[in-house]
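Note that full-length UniProt numbering has the sequence shown beginning at 1, numbered continuously upward.
Below is one structure, written out as structure tokens; comments come after it.
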Amino acid sequence: MTVFHRNETKQPLPEHLRGGVIAIGNFDGVHRGHQAVLQRALDIAKSRGIPALVLTFEPHPRTIFRPDTPVFRLTPAPLKARILEGMGFSAVIEYPFDRTFSEMSAHDFIGAVLLEWLHASEVVTGFDFHFGKGREGGPAFLMAAGQDNGFGVTLVDAFRDENASVISSSVIRSLLGEGAVSEAAGLLGYRYTVEAEVIDGKKLGRTLGYPTANMALPPEVELRNGIYAVRFRRPDGSLHDGVASYGRRPTVTSNGAPLLETFLFDFSGDLYGEISAVSFFGHLRDELKFDGLDALVVQMKRDEEEARALLAGVRPLGAIDQRLCF
């Protein structure tokens, strides 16, 4: 799969991808609500024997309008593209979102993007999708444009969880802020996952018998500080159970930058420079400040036993979870 148009060049779409079904949305998190929209697009494309594409926008619009408060992205562009590829889409169009694009009228968006560039035969989106300058284009506008220009429109109703609550990215973000990774996974349909390069650390864990793979996550990540049972996937696809600490390390430093430190069970080797993924299965406890390193080591041993027990019994939540975390 190719990720197209992560810049302004807007190269012509390859012939074999034209005339497809286009799922439109931001899809941050690709949660179960998004999956309802996306699966409808895949089903329509399969029934007609045409390609299924996703049209999304980069960077997140809030980055342009409120740069001082960057949004906590559940799935940065590379991870989102990989999830969509795994679902079966032929391409992800990452349209460059900037001030100029935000001023484009809904009419021009239909003409320039959906018709001239993508040659859409069907558009699938959520029932509340709005587009164009001032959000002037809504569902009725889209349906009328489809009738006038010969493309179909499918609107997917809000997806509700087992408690009849609408699933949203903002609810998932707040759950992660509370450390409720199991509840967040239930709404996502897979375990919350981060990707980053393994960087050099202070190597204190190594001297304690707990060497860690350290990753600096973006500052806007709002995951609760604490200790988690995790799975760690290396670039070669190999998977390792582990226990991870996310936070500012109060026992060993007074002002550490937020860091994700993962101890991989039954592993020895060099991970520096690898871009790896960590998936969160359970929150074991909050960060604590210990009275010396001996007490810390005793607690780390306890954390390891608890994480091993938790991970021994986990099962995939669905196809995305299977690909990411198993």
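Cβ coordinates follow ideal geometry from the N, Cα and C atoms, glycine included.
Residue i: which of the options sits nearest, CA to CA?
i           : options                        : result
Thr154      : Val37, Thr69, Phe263           : Val37
Tyr228      : Gly237, Gly247, Phe27          : Gly247
residue 327 : Val243, Leu296, Lys301, Leu217 : Residue 327 is absent from the structure shown; the chain starts at 1 and stops at 326.
Arg302      : Leu311, Ser279, Leu284, Glu178 : Leu284
Gln299      : Val230, Phe127, Tyr210         : Tyr210
Ser102      : Pro12, Ile93, Gln147, His130   : His130
Glu116      : Glu222, Glu178, Gln11, Val278  : Gln11
Arg99       : Ala277, Arg66, Arg82, Ala319   : Arg66
Arg173      : Gly29, Gly318, Arg18, Leu17    : Gly29
Ala120      : Leu317, Asp294, Ile44, Leu264  : Ile44
Asn149      : Leu114, Thr212, Tyr190         : Leu114
Glu305      : Leu296, Gly189, Phe265         : Phe265
Ile83       : Glu195, Val156, Val123, Tyr95  : Glu195
Ile22       : His60, Ala91, Pro14, Pro61     : Ala91
Ile24       : Ile50, Val54, Gly88            : Val54
Leu259      : Gly226, Gly86, Gly237          : Gly226
Glu136      : Ser105, Arg160, Val123         : Ser105
Leu17       : Phe89, Arg40, Pro59            : Phe89
Ala309      : Asp241, Val297, Ser268, Asp294 : Asp241
Tyr272      : Val198, Phe290, Thr193         : Val198
residue 331 : Asp128, Gly186, Gly86          : Residue 331 is absent from the model: the chain starts at 1 and stops at 326.
Pro61       : Phe97, Val156, Leu79           : Phe97
Phe57       : Asp291, Ala81, Gln39, Arg40    : Ala81
Gly152      : Glu85, Pro235, Gly86, Arg48    : Arg48
Ser279      : Val297, Asp291, Gly189         : Gly189
Leu42       : Glu274, Thr63, Phe263, Thr125  : Thr125
Asp236      : Phe290, Val297, Ala52, Ala277  : Ala277
Ala213      : Lys133, Ser268, Val221         : Ser268
Ala322      : Leu217, Ala185, Arg40, Gly132  : One detail in the question is off: residue 322 reads as Gln in this sequence, not Ala. Out of Leu217, Ala185, Arg40, Gly132, Ala185 has the C-alpha closest to the C-alpha of Gln322.
Arg160      : Gly138, Gly146, Leu187         : Leu187
Met87       : Lys46, Pro59, Thr63            : Lys46
Leu239      : Ile64, Ala319, Leu311          : Leu311
Per DSSP, what are the beta-bridge partners of residue i in this structure?
i      : result
Asp241 : Arg231
Leu53  : Ile22, Ala91
Ser170 : According to DSSP, Ser170 bridges with nothing at all.
Met215 : Leu260
Val297 : According to DSSP, Val297 bridges with nothing at all.
Glu58  : Pro96
Ile83  : In the DSSP output, where bridge partners are listed per residue, Ile83 has none listed.
Glu197 : Ile275
Thr125 : Leu155
Tyr246 : Gly226, Leu260
Gly282 : Ala229
Arg66  : In the DSSP output, where bridge partners are listed per residue, Arg66 has none listed.
Phe131 : Gly137
Arg160 : Val166
Any idea if residue i is buried or exposed, counting beta-carbon neighbours within 10 angstroms, 16 or more meaning buried?
i           : result
Leu118      : buried
Ala307      : buried
Asp200      : exposed
Arg32       : buried
Gly256      : The pLDDT assigned to Gly256 is 47, lower than 50, so where the model puts this residue is not dependable; a value taken from the coordinates is nonetheless given after this. Per the 10 Å Cβ criterion, exposed.
Glu261      : buried
Gly20       : buried
Thr69       : exposed
Ser166      : Residue 166 is actually Val in this sequence, not Ser. Val166 comes out exposed.
Leu324      : buried
Leu288      : exposed
Asp270      : exposed
Pro219      : exposed
residue 341 : For residue 341 there is no data in the structure shown, the boundaries of the chain being 1 and 326.
Thr253      : Bear in mind that a pLDDT of 46 at Thr253, under 50, signals an unreliable position, so the model cannot answer this.
Phe27       : buried
Gln35       : buried
Asn163      : exposed
Glu94       : buried
Glu15       : exposed
Glu122      : buried
Ser245      : buried
Ser169      : buried
Ile275      : exposed
Pro78       : exposed
Met215      : buried
Ala295      : exposed
Arg40       : buried
Ala52       : buried
Hey, does residue i have any beta-carbon neighbour from chain C nearer than 8 Å?
i      : result
Gly269 : Here chain C cannot be found, since the structure has a single protein chain.
Exercise. Are at least three pairs of beta-carbons, each pair with one atom in the region 60-75 and one in the region 105-112, less than 8 Å apart?
Worked result: no
Problem set entry | Continuous beta strand (DSSP E) assignments of at least 3 residues falling wholly in the region 87-112 | 91-96
For this session: Taking 8 Å as the threshold, find out whether the region 136-149 comes into contact with the region 170-184 through three or more Cβ pairs.
Result: no
Exercise. Between the region 231-242 and the region 177-186, do three or more beta carbon pairs fall short of 8 Å?
Worked result: no
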